[in-house]
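Chains as they are written, first to last, in my numbering: chain A, 1 to 288; chain B, 1 to 324. Each residue gets a CB set at the ideal place from its N, CA and C atoms; glycine is no exception. From a predicted model like this one, the values you see are computed outputs, not experimental measurements.
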């Protein structure tokens, strides 16, 4: 019956405009990514001469070529990236959760002022601090030291990602205060309220923080470029830029193969958590 | 109410109202110490990673300092760095111009695209969620080196963009290597990432009460009229939010400019973004003092731009609760 009613409705060509426009837009927006994927499967001579999306003669050869293009395999760079990103995730989740609990739930002198300062640091561009931080970390012997990732990790241990503190404060404001009060009546201290009430209930905020933290660190280039000077210690984005210097067009295919791999973790997060990522943007204004 | 569930020992003598202001029960006094315990990592970070480096940066900006010598050997030169920057460094002004063009052209285009697509998606139809997700994807990937690599190739002489133009019989050129168009490709890359502001616009559009549109329709308003008189004013707080965020974001573009120009800001300095010039001064030429001065000018400029945006915002941002 429904089908019959639908068929009777007079056909309005204007109803096709929206889907048509959306399809064209989707094609434009996705084109660069699909093109990259296609190019990563093109043979060297095709990379230069065939600009269409699909390779005429697909070959996976660019992947092993790219993987071993430099003296050190790309596996090492990806491992370095994974290590930095994972440690950042853990550091952010712990330190930002502690700070957020203080801001959202505890009463203490100057809380309002500190909160305003925290919001202020949200707007502070990292480029402003990079020079003095570099000077400072270098004087500690961290830059170029045995483990040059210290300057990349330690700041996250100290809740300097104000975005995540803010996100978690917003989240905790939604947890009913009656739960804290009830726990306190039962004799819980501020510490056990945190441990037994807030921590378990903050899981969704922690998951958001973990995912965004991972993606941003994975994509981060500026700080990794500044602090990593030893080829062996390079992360994937810094290593990718080596392709720019490497001579000739022969490196284009391998370069795209490695680019595809370097986007893969972010893409997989996107596929798995699409709804959560979009909601995160929409409720807090976090950047992508 | 929380007050009524307190145990008798904690119930204030002078009634609930007074307890709100003074005579906090014991557990609140306890919060004072716990508050600072929980806040301590953040406070340490504020001091060690933010405040002290800022002071250090202010000091360095009055010195000539190459990071190679020890910190105490920094030469005090007073305002020389600033004087040189404003009067004797064409590259500085060039970087300012490039950054302004990038932010002032890129941000409105990006917000326009974001709002346009948000309006298209602001109707429930099958697949709306899928489109929303797909358009958001570039925001997630866009800042990465890999995407800048793609851009480099697409807008190269033998790239896909020229192949597309050739369908229409237009002869292309090497867009990324031409000083007059290289910045344009960077702007395009920024606009391509319209997904994040789009999602925020979509959330804002959902808040506009349908009755307003219905009332406008009764009055015979055209769809353009409805957009201008209902959508835009109702959406102005969200537009403002996106504008501030994206403008600040635009000033900070680095990765794409670095990758597209091979780390030089070329061709002929056409993509020499401010942050790229700061990086080159500090970490390629080791003029850390000069780079610190640039950082302070950058910080003050961003602060001023934010203040100006907030001031002008008063004239066109409407909050529906009348709390302008």
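Query: With respect to the alpha helix (DSSP H) encompassing residue 14(A), which residues constitute its N-terminal and C-terminal limits?; Result: Unbroken run through residue 14(A): none, as it is neither H nor E.
Query: Is it the case that the segment 288-297 of chain B contacts the segment 197-209 of chain B, given that we only count it when at least three CB pairs across the two stretches are under 8 Å?; Result: no
Query: For a test of the three-state rule: what should DSSP assign to residue 275(A), helix, strand or coil?; Result: helix
Query: Among 79(A), 16(A) and 39(A), which has the Cα closest to the Cα of residue 160(B)?; Result: 39(A)
Query: So is residue 118(A) buried or exposed if we call it buried at 16+ other beta carbons inside 10 Å?; Result: buried
Query: Anything in chain B within Cβ reach of residue 274(A), meaning under 7 Å, just list it in chain order.; Result: 133
Query: Enumerate in chain order the residues of its own chain whose CB-to-CB distance from residue 384(B) is below 7 Å, with the five nearest sequence positions on each side excluded.; Result: Any property of residue 384(B) remains undetermined from this structure, which presents chain B solely from 1 to 324.
Query: When DSSP builds the beta bridges, which residues end up paired with residue 76(B)?; Result: 63(B)
Query: Give me the Cβ distance between residue 270(A) and residue 137(B), rounded to the nearest whole Å; I'm assuming they're in contact under 8 Å.; Result: 6 Å
Query: Suppose you measure from the CA of residue 115(A) to the CA of residue 103(A); what does that come to, to the nearest Å?; Result: 7 Å
Query: Which residues in chain A sit within 8 Å of residue 277(B), going by Cβ to Cβ distance?; Result: None at all; the shortest Cβ gap to chain A is about 11 Å.
Query: Of all the CB atoms in chain B, is at least one closer than 8 Å to the CB of residue 90(A)?; Result: no
Query: Comparing the C-beta of residue 13(B) with each C-beta of chain A, is any distance below 8 Å?; Result: With a pLDDT of only 40 at residue 13(B), under the threshold of 50, the placement of this residue in the model should not be trusted, and no figure is reported.
Query: My output table needs one value for residue 65(A): the three-state DSSP class, helix, strand or coil.; Result: helix
Query: Can you confirm whether the segment 174-185 of chain B touches the segment 269-281 of chain B when touching is taken to mean that 3 or more C-beta pairs between the two stretches lie within less than 8 Å?; Result: yes
Query: Looking at residue 160(A): is its Cβ nearer than 8 Å to the Cβ of residue 303(B)?; Result: no
Query: What are the residues of the segment 221-241 of chain A that lie near chain B, defined by any Cβ-Cβ distance shorter than 7 Å?; Result: 221, 222, 226, 237, 240 and 241
Query: Cβ closer than 7 Å: which chain A residues qualify as neighbours of residue 163(B)?; Result: 51
Query: Please tell me whether residue 32(A) has its Cβ less than 8 Å away from any Cβ of chain B.; Result: yes
Query: Can you name the residues of chain A whose CB is closer than 7 Å to the CB of residue 36(B)?; Result: 108
Query: Answer with buried or exposed for residue 256(B), where buried requires no fewer than 16 other C-beta atoms within 10 angstroms of its C-beta.; Result: buried
Query: Does the beta-carbon of residue 324(B) have 16 or more other beta-carbons within 10 angstroms, so that it is buried, or is it exposed?; Result: Annotation note: pLDDT 42 at residue 324(B) (below 50); position unreliable, coordinate value reported separately. Classification of residue 324(B): exposed, given that the 10 Å Cβ count is below 16.
Query: Report the neighbours of residue 298(B) on chain A: residues whose CB is nearer than 8 Å to its CB, in chain order.; Result: 125, 127 and 128
Query: Just to make sure I have the definition right: I need the residues of chain A whose C-beta is within less than 7 Å of the C-beta of residue 288(B). Which are they?; Result: 131 and 135
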